[in-house]
Structure formats: structure tokens, C-alpha cells
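In the working numbering, the protein residues as written are 5 to 480.
Okay, here's the thing in C-alpha cells:
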């Protein structure tokens, strides 16, 4: 009997259908090209771009972050969670086997006893049971499809964290080196102004300069001096940020090459259409859409009856001595059908909720793509305009240096007041600080381009993270 039921189930299984919509990629309007044109290199999209800066300290910071960052470890643990959920869902394809053993002492009513029976009496039973749900309507297949998409979305989410982490470490390091340069400028300026103030105090004591001129020099010195604590605080905050990204307590960060010596990375080539597969957040959003689409089928399958095969094989006796002898054998085989009749809209509500979640996932997918296109355009325009601004600022600083030198010469010659020198020095100080900030900002904009475009370099970063983790495990 059980054999016939199994044969019938195997015959019915291929005939089963999967209710619910099959996934079809939505139509996406993709621009043919980026609006900003920059010199690019096609072979750089898949390379570890941070190495183009030529700073071993930055390379080491990224390697450490890929090994120790806690957000990345959380994302990896989330992938393991989805893997376990997929394993659980796949198990529903197969018969579920179980074992049970019973030893009880019973007291039945007199009417329930056989002639010559005794009361109370012992009862022993041991049995293997099996239950197998036949996936006629595709509920298990759709659930498996959703669980697989969840796993792929989790992996894409982990790669999105990897992308963000790498870019954040590089960006924070560039900001730090830019602030270091600004602090260096402020300290050099403060020392220069301190020497000027010393000279003017001597001159004032000898009556060669007025109190007004001495006050102007003192004001200039204090202005440069008060900028130093602000910049020191900014440097400390950026070190704390990098420490967090590295998965460690706040502390000092090793430096490498100065901001002036860093090489700007070449922009990677890539069309907007390639962004759909290169950006992990887009891949994650699409997999979430696939999962939501499959769960519509899971919800709709509840309209239909579930068919399960059940079986039991074991032994039972009132005496332990005869428990494993032939007369004590018991078995059971059958089929179970459970069909909903009156659910008062519960299943319909579940279907509506699943369809609404699918629409949300679709809109989120489209929104993610639009945001990705914007990210690339913003990063490209920031890089292009940042380079233009940097070139103009370099010329401005050179002109301000000439202006400050000439103003000082004219003051020493007695042809102008010291106020002219103060104006020139203030403008030069501000120009140098602005130039250092733009240097860091332009380099960071190039990082944002790689962040926005994604690409095969994520595989290199992933391999680097895996190698670092393996090396750490070996050391332990």
C-alpha cells in the first residue's frame, strides 16, 4: 500500500504547477552615456584603485579594515543566517523522518478491556514515522526561490558594505592628510607671525613703529594661532573615524605620503548600462524583488489543499520481552489532505500583503537605480570641477605669494602701510588652507567615482579580506 502511494506521489510531482508570477526583469530606462566626459581607462574598473594613490600606509589601512571592520563581520554573519534559512526551506522538498519511543502505565475502563485483560497494565511502543508533503502547487518551490534570492541579496549586501568600507577608509584618510596639511600651514604661519611680532615689539620699544601697527601684528598672530586648535580637533576626529572603520579603539593613525605627493587615480571607464550588474546595492535590490515576487506564489498556494504522505513502522507490546518479536510489529501508511474552506479572508489578505510587498520592492529597485545614476554623475562632476578649481587655486596661491612678498617689500621701503601687508598675509593664509582642502576634496571625489561605479575591483577587495582573515586564523 505504501509503495503504491509513493508511486502515485512521484507521478503527480512533475504534473504539479507553481502558482504565482514568474519573475521577469523590469524594463529600466538607462541613459546612453554619462553627461560628464573625463579621460578614462577601461582596464582600471576591475583593479584595486586605492593602490593608484601610491601610499603604502593607505594600502595597509584598507587591508586592516577588510580584516577587522565590525560592519563587514555583521554583514558576513547575515549571509550565514540566509544560508541557514535556505537550508531549512530546501529540507521541505524531502520526507521528514522521525523516531518516537513510549513507555506508559495505563488504566482503562472496564469497557475498554479485552476479555481476560488486566488493569492497570504497561504499554511499550517504538516507531519510525515519515511525512512527505507533495509540492503540487509549487509552494515549496516558490519558498525555495525566495530563500535563494534572500541569500543572494544578503551576499550583495555584504559586498555593498565592502564597497562602502573601502571607499570610506580611503576618503577618511584623504581628509586626514588634507587636514594634516592645513595644520602644517597654520603652524608654519603661526611661527612666522610670532617672529614678526617679536620684531615689531622690539621696534615699538625703540619707537620705530606705532602702537597701531603693533596691535595689527598681534591681531594677525592671534588669528593664525586660534586656527591651530580647530585643525587639531579636526585631525583627532578624523583619526577617531578611521579607528572605528578599522574596528579598534580611538587612537593615532599612521601616515604615509603627504597630500601633495599623492597621485590622483584615473577614472574607470564604464557605460550606465553596466551599472546594473556592477553596483552591489542594485543587485541586492533586484534579489529582494525576486524574493518578494516568489512569496506571492507562496501566499497563493494557500488557496489549494496540501497533500502529504504519512507512514509509520515500529513495534508495540504490553511486555518488554515480546516488544521486538513479530506479533508486536505495527505499521501505518496513508495520505493526508488539508484544504481551506472558510478562512474569512485570511488567505486573501496574505496574498494582498505579498503583492504589496512586491510592488514596494519594485519601486525600491527603480529608486536604487536612479540613485546610482545620480551618484555617478555627482562624483564625475565633482571630480571634473574639483580639478578645475584646484588648478585655479594653485595659480591664486602663487599670485598671493607674490602679492605678500611685494607688500612686505613696499612696507620696508616705506611706500605703503602695514595694513597692506596684513591684507596680503591674510589672503595668502586663507588661500593656502583652501588649496589644501580642495586637494583632499578632489582626490576624495575620484574615490567617490569608484564607489559609485562599483565593479570587479570588489572581487579583489573580497580576496584581500579573505586572505587577511585566513592569515589571522593561521596565526591563532
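Glycine is no exception: its CB is placed at the ideal position from the N, C-alpha and C atoms.
- In terms of CA proximity to residue 144, 304 leads the group 364, 455, 451, 304.
- Per the DSSP secondary-structure output, residue 126 pairs in a beta bridge with 109.
- In this model, residue 172 and residue 82 are separated by some 21 angstroms (Cα to Cα).
- At a cut-off of 4 residues, the continuous stretches assigned as alpha helix (DSSP H) that sit fully inside the region 206 to 259 are 215 to 249.
- DSSP places residue 320 within a strand segment (E or B) once states are collapsed to three.
- In the DSSP assignment, residue 341 falls outside any alpha helix (DSSP H) and within the unbroken beta strand (DSSP E) covering 333 to 342.
- In this structure, residue 299 lies near residue 150, with their beta-carbon atoms less than 8 angstroms apart.
- Contact between residue 318 and residue 85 is ruled out by a C-beta separation of about 37 angstroms, above the 8 angstroms threshold.
- Between residue 161 and residue 79, the CB-CB gap stays under 8 angstroms.
- If you draw a straight line from the Cα of residue 101 to the Cα of residue 135, it comes to about 7 angstroms.
- Going by DSSP, residue 361 is part of the alpha helix (DSSP H) stretching over 350 to 417.
- Contact between the region 152 to 168 and the region 243 to 261 is absent: fewer than 3 CB-CB pairs across the two stretches fall below 8 angstroms.
- Beta-bridge pairing by DSSP links residue 288 to no other residue.
- Taking 8 angstroms as the cut-off, the beta carbon of residue 146 is found closer than this to the beta carbon of residue 302.
- A direct Cα-Cα distance of roughly 36 angstroms separates residue 65 from residue 430.
- Residue environment for residue 185: buried (at least 16 other C-beta atoms within 10 angstroms of its C-beta).
- When DSSP reads this structure, residue 83 sits in no beta bridge, so it has no partner.
- Beta-bridge pairing by DSSP links residue 453 to no other residue.
- Taking all protein chains shown into account, residue 315 has 16 or more neighbouring C-beta atoms within 10 Å of its C-beta and is therefore buried.
- Contact between residue 59 and residue 266 holds, with the beta-carbon distance rounding to 6 angstroms and staying under 8 angstroms.
- DSSP, reduced to helix, strand and coil, places residue 311 within a strand of the structure shown.
- Taking residue 367 as reference, the option from 290, 243, 320 with the minimal CA-CA separation is 290.
- In this structure, residue 426 lies near residue 220, with their beta-carbon atoms less than 8 angstroms apart.
- Using a Cβ distance threshold of 8 angstroms, residue 280 and residue 37 do not count as a contacting pair.
- Pairwise C-beta distances place the region 342 to 349 out of contact with the region 374 to 394, as fewer than three of them are shorter than 8 angstroms.
- Secondary structure note for residue 69: its alpha helix (DSSP H) is the uninterrupted segment 60 to 72.
- Under DSSP, residue 136 forms a beta bridge with 313.
- In the three-state reduction of the DSSP assignment, residue 104 falls in the strand class.
- Counting other Cβ atoms within 10 Å of its Cβ, residue 210 stays below 16 and is therefore classed as exposed.
- Secondary structure at residue 176: helix, using DSSP grouped into helix, strand and coil.
- Contact between the region 437 to 452 and the region 254 to 273 is established, with three or more Cβ pairs separated by less than 8 angstroms.
- Contact check between the region 449 to 469 and the region 383 to 390: three or more CB pairs, one atom from each, fall below 8 angstroms, which counts as touching.
- DSSP, read as helix, strand or coil, puts residue 131 in strand.
- Around the CB of residue 272, 16 or more other CB atoms lie within 10 Å, so the residue is classed as buried.
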